[in-house]
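These notes concern the structure reproduced below.
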Amino acid sequence: MPYLTPMDLDLPYTIQPIAELPGHDDRAWHVAWNPTRPLLASCSADKTVRMYAYTSPAPSTTSPPTLPPAPKFTHVSTIPTGHTKAVRSLAWSPSGQTLATASFDSNIGIWEQEADEDDDGDDIDERGGKGAGKGQWECASQLEGHETECKSVAYSSTGTLLASCSRDKTVWIWEVHPDSDFECMGVLMEHSQDVKCVAWHPTEEILASASYDDTIKLYIDDPSDDWFCFTTLTGHTSTVWSVAWSPNGEYLASASDDRTVRIWKHVQESQWECVLVLAGHERSVYSVTWGIGKGKGKEEGGLGWVASTGGDGTIRVWELSEPPTTNGTPTANITPPNHKLIAFLRSAHGVFDINTVTWCPRPGLEDLLATAGDDGAARFSPLPTDPASLLFLIDLEMAIHGLPPTLQPVHPAHFDIEKAIRPNILALHPYRCARDDYQSGILLDANENALGHSILRPPNDADSASDLDATLDLDLHRYPDPSHASIKQRLASLRGLPGPENVFLGVGSDEVIDLLMRVCVTPGAGGEKIMITPPTYGMYSVCAQVNDVGVVRCPLELSGAQGEGGEHGRFSLRVDEMKKAIDADPSIKIIFLCSPGNPTGTLISLASIRALLDYPNYKGVVVVDEAYIDFAGTEHSAVSLIKDYANIVVMQTLSKGFGLAAIRLGIALAQPPLIQVLANTKAPYNISTPTAHLALSALSPSSLTSMRTKVSTLISSRASLLSALSSLAPLGVGKSIGGNDANFVLVPILTKDGRGEADNVRAQAVYRTLAEENGVVVRFRGGEMGCTGCLRITVGSEKENRVLVEKLGKVLEVL
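Per UniProt numbering, the sequence shown starts with residue 1, numbered consecutively.
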């Protein structure tokens, strides 16, 4: 499936550039809207500040308007500044009368405007026609103290405090006195690296700083002491370039070199938690801004609009709102806000990086953005609303690259895929190749050997000639099809699913298991865990150990009637115990179930699986491994639950029922969001061309008929094998203890004295003697929970089964 960008989507808003204001001789670093006057300032590596006045737009004369009326911008003055190096940041005081500049020369400039001779001092006209100010700007003060480049400067909401930060790893807090007098109130040395940005809370004296050390720090003043850091926010995996407070002050947005925007929420007292990761940028995110927007109001839970930009030259705008309430009661503090991408613009400054983006604060212009980029220009972009397009609003509730917006998970309501998937995986940009989009023509994209493979064809009379010819005709010098859509479509049709978007192909089920752990479970000490239900397939715990993931074990029911299975019989799920384990350990992210079980051969009831999927306290994914489902009947398959549940993955394979173990093709079936995450994470070209060729043939109508015939034969042979094994009961072969719904049986070897007790020592001796002296290899499973003394015996051909029973009988007579 080709990678979908927001340009492929119907978004409710369009970012329409309305002005380009060149003038700087070098890259433009920052822009800042005056909070009280129709004035905007920009600064640059050319050491200057440029001032632009603008007039608010007149009402449109067209009905309905084709585009909303746009403000008109005029350059009114340039401040040489006197800084000896680039001016990196700007900040207006809340009164709009004073401008602060931060420079790479380590100094901060404080600028005030002299009254224009033509300015009579009247209030500013509603449209900004008067008072924009053409008077000279004078340096009222210069603040010194930083040892090297000053990166950011910001005024507090009251205007009584000014903060600055620097490459020298410090944050300075200045108290503002009359007559442009400033007093340093504190030098904060909490960061271990370059400090990139400072931002004040919109109503309180709380300061945030962002750093090259990948952290965000929040500071507050202790009236009896000094300013101090009261919390550190960690989660970004690279430099944090920018932070912005929500208008209500309850959230903080951060932009990072790791290509994500994180949303942090004030949970309680000094505790802030990351509740949302907004992904999608293809390079570093340099700037984030949070405005009130023109979407949902406060009474509707609206949190405003977040815009971000950076090294990929794009502008992204999300609308955020408070999470829903349940029966009038707000959800838990750490519930992420609702969010959707509402606008996107590519190449906003051509091929250049964009260094900053900021919302206009003036009433009526809340949808106006200003950006500054490496091309030295300041640009202004409104978000005009096309009323008709609201009918096609697509609510992007997650950032999964390549996932069409029509395929978002809906049920169960308690499942949030952003909580189930590791943030770094959500932010992952999958490896892409030209072959994802173009599979035919003159293919010169992948550095393949254009002269083909070097395997010599054997003479025509060679026994292997025809088989080898068929393989060599597969264009082995070409990389495989990266999507294998034809195989996925046939599998989807076979299993009753909508289409290829519900199917993932892996190198055996082991790759699927490994990928699921990698995308869902955070590794390491104190990390997250999986749950398994022993006795079960051993690769779950092996893969967990490889990935440094914890394992919680909740054994199957080990009592009950032999082979009964179902909801309460032997080897059934103990659902209540599993729920208790989930409640005790919220870090469980995946539950692995095996149905029919290995080594038990017992089906897990769909009612038990559904009970776990519906359990509201479990926020993770339930994985049902159905490697043997073709021997049990598809009416028992959990695939039927996929249409209703976004939190289930069903694993299947061509190794068992299809008899193609050699080609190592594993299958994951799920709703599209989880499938897309797996596709984004897998290695490129993971399924080989010979494997794909054989798989496609195996899924043809005639091959499916053949498969079903062979499965039916094996089921009959299974019954015959069980009957034959029962004849060995006097020699110590117990009754099968599994559900017998797979292509194997699980039987205990009992003590020779006739007490009827399972005997591990005797079973191991039988296992070794069969293999070493009789050439018959079965599997000893006596070390598994509830399987003492058991041998797992695969159903063979009629001849193989007869030989097994004969030789097993002779071995038991001796041992």
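Virtual Cβ for every residue (Gly too), placed ideally from N, Cα, C. Quick caveat, the model's predicted, so the values are computed rather than measured.
Residues bridged to residue i [DSSP beta-bridge criterion]
{"i": "residue 421", "result": "Looking at the DSSP assignment, residue 421 forms no beta bridge with any residue, so it has no partner."}
{"i": "residue 181", "result": "177"}
{"i": "residue 142", "result": "109"}
{"i": "residue 780", "result": "791"}
{"i": "residue 30", "result": "43"}
{"i": "residue 147", "result": "None, per the DSSP bridge assignment."}
{"i": "residue 75", "result": "52"}
{"i": "residue 762", "result": "BP columns for residue 762 are empty, so no partner."}
{"i": "residue 591", "result": "531 and 622"}
{"i": "residue 99", "result": "92 and 111"}
{"i": "residue 553", "result": "532"}
{"i": "residue 582", "result": "None; residue 582 has no bridge partner."}
{"i": "residue 886", "result": "Because the chain is modelled from 1 through 815, residue 886 falls outside the range shown and cannot be assessed."}
{"i": "residue 356", "result": "372"}
Cβ separation of residue i and residue j, assumed to be a contact under 8 Å, to the nearest whole Å
{"i": "residue 655", "j": "residue 626", "result": "Between residue 626 and residue 655 the Cβ distance is about 12 Å, and since that is not below 8 Å, they are no contact."}
{"i": "residue 666", "j": "residue 507", "result": "7 Å"}
{"i": "residue 289", "j": "residue 244", "result": "5 Å"}
{"i": "residue 622", "j": "residue 669", "result": "Residue 622 to residue 669, Cβ: 13 Å. No contact."}
{"i": "residue 614", "j": "residue 412", "result": "6 Å"}
{"i": "residue 744", "j": "residue 764", "result": "In fact, because the Cβ distance is near 18 Å, the residues do not count as touching under 8 Å."}
{"i": "residue 264", "j": "residue 233", "result": "6 Å"}
{"i": "residue 13", "j": "residue 351", "result": "Between residue 351 and residue 13 the Cβ distance is about 24 Å, and since that is not below 8 Å, they are no contact."}
{"i": "residue 558", "j": "residue 734", "result": "With a Cβ gap of about 15 Å, residue 558 and residue 734 do not count as contacting."}
{"i": "residue 199", "j": "residue 255", "result": "Actually they do not touch by this definition, with Cβ atoms about 11 Å apart."}
{"i": "residue 738", "j": "residue 746", "result": "4 Å"}
{"i": "residue 165", "j": "residue 209", "result": "6 Å"}
Residues near residue i by beta carbon distance below 7 Å, same chain, minus five either side
{"i": "residue 84", "result": "105"}
{"i": "residue 193", "result": "169, 211, 212 and 213"}
{"i": "residue 577", "result": "554"}
{"i": "residue 81", "result": "47, 48, 49, 87, 101 and 109"}
{"i": "residue 167", "result": "148, 149, 151 and 194"}
{"i": "residue 800", "result": "none"}
{"i": "residue 62", "result": "Below a pLDDT of 50, predicted positions are generally treated as unreliable, and residue 62, at 44, falls in that range; the measurement from the model is reported next regardless. Once the five neighbours on either side are set aside, residue 62 has no close Cβ partner at all."}
{"i": "residue 797", "result": "none"}
{"i": "residue 491", "result": "503, 667 and 699"}
{"i": "residue 688", "result": "480"}
{"i": "residue 778", "result": "767, 770, 791, 792 and 793"}
Beta-carbon proximity list for residue i, same chain, < 6 Å, skipping 5 on both sides
{"i": "residue 742", "result": "596, 601, 628 and 631"}
{"i": "residue 523", "result": "547, 548 and 549"}
{"i": "residue 190", "result": "217 and 229"}
{"i": "residue 415", "result": "646 and 647"}
{"i": "residue 25", "result": "46"}
{"i": "residue 638", "result": "609, 624 and 650"}
heavy atom of the ligand MG below 6 Å from residue i C-beta
{"i": "residue 108", "result": "The ligand content of the structure shown is nil, which means the ligand MG is not present either."}
Contact set for residue i: own chain, Cβ-Cβ below 8 Å, skip 5 residues either direction
{"i": "residue 697", "result": "703"}
{"i": "residue 519", "result": "421, 422, 425, 677, 678 and 681"}
{"i": "residue 784", "result": "534, 535, 599 and 790"}
{"i": "residue 334", "result": "265, 267, 273 and 275"}
{"i": "residue 177", "result": "183"}
{"i": "residue 160", "result": "175 and 176"}
{"i": "residue 5", "result": "Its pLDDT being 43, under 50, residue 5 is placed unreliably by the model, and the measurement read from it follows with that caveat. Cβ neighbours of residue 5 beyond the five flanking positions: 344 and 346."}
{"i": "residue 717", "result": "795, 796, 797, 798 and 801"}
{"i": "residue 582", "result": "531, 588, 615, 617 and 618"}
Next on the checklist: With three or more C-beta pairs closer than 8 Å as the rule, is the stretch 597–609 touching the stretch 568–586?
Outcome noted: yes
Item to check | Meets three-Cβ-pair contact criterion under 8 Å: the stretch 276–293 and the stretch 301–315 | outcome: yes
Checklist entry - In chain order, which continuous runs of the alpha helix (DSSP H) of length 4 or greater are located wholly inside the stretch 691–747? => result Every alpha helix (DSSP H) of 4 residues or more that sits fully in the stretch 691–747 is shown, in chain order, as 701–726.
Checklist entry - Do three or more CB pairs link the stretch 527–535 to the stretch 698–709 at distances below 8 Å? => result no
Next on the checklist: Check whether the stretch 642–657 and the stretch 749–756 are in contact - that is, three or more C-beta pairs closer than 8 Å.
Outcome noted: no
Checklist entry - Which ranges would you report for the beta strand (DSSP E) in the stretch 629–687 if only whole runs of at least 3 residues count? => result 648–653 and 665–669
Checklist entry - Taking the runs of the beta strand (DSSP E) that are 3 residues or longer, which of them lie wholly in the stretch 195–274? => result 195–200, 206–211, 216–221, 227–233, 240–245, 251–256 and 261–268
Item to check | Runs of beta strand (DSSP E) wholly within the stretch 474–548 (minimum 3 residues, chain order) | outcome: You should have 503–507 and 529–532.
Checklist entry - What are the start and end residues of each continuous beta strand (DSSP E) run of 3 or more residues lying completely inside the stretch 292–351, in chain order? => result 302–310, 315–321 and 338–345
Checklist entry - Using 8 Å as the Cβ pair cut-off and three pairs as the minimum, do the stretch 198–209 and the stretch 176–185 touch? => result Taking one beta carbon from each stretch, the stretch 198–209 and the stretch 176–185 have fewer than 3 pairs nearer than 8 Å; the two do not touch.
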